[in-house]
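Numbering (my numbering), first residue to last: -18 to 149.
All C-beta atoms in this analysis are idealised placements derived from N, C-alpha and C, irrespective of residue type, glycine included.
Notes to accompany the following structure.
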Amino acid sequence: MANNIIEDNAKDPLVAAIEAGFAALHEDNNQREDILNKQFELQLKVQDKRNQKWRLGALLGGIAIIVLGYSLHKTIVVFEEDMDTMAGEMVKMSGYMHTMSKDMSEMNGSMGVMSPQMVSMAEDIDQMREHIGSMDNHMTYMSRDMGQMNRAMSPLMGNMQKFVPGSW
């Protein structure tokens, strides 16, 4: 029985040591789990920040496309207005040319009374010169507007190139 008493006395410290070891292991597992949870939360925050950057980039890209589209639209509208003005001037010029053609036909038909017809023709030619001068003036304005439009389009084309995939 003496052997059993010794073994019973040794059993209590052994059980206490095993319980202390399991308690330490349990505490280590809790600490490891806390670290893993914090690491997972940090990864979620990093992913959320990346997603925010992509959303902001997409928003800014959309705004830039809208601004460029509006600017291009305004340029096209101005060009159309210039073309309408030119069409009006061409109609006027056509009327003047028709008048001149009519006057030339009358002059051809009345060669016998040439002197009064020549005076009329000289007046018509003077009017035609004035109208051609006016047309030249309008063509100069149109040429200037085309140059300004070309200048306005150049940076737009350069900026639009930035949105072509693979160009950055």
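Relative to Ile106, the option among Lys83, Asn118 and Asp126 whose CA is nearest is Lys83.
Taking 8 angstroms as the upper bound for CB-CB distance, Met130 and Val59 are in contact here, some 7 angstroms apart. Pairing Met81 with Leu53, the inter-Cα distance amounts to about 41 angstroms.
When C-alpha distances from Val72 are compared across Ile113, Ile(-1) and Met99, the shortest belongs to Ile113. Considered as a whole, the region 54 to 107 harbours no complete run of any alpha helix (DSSP H) with no fewer than 4 residues.
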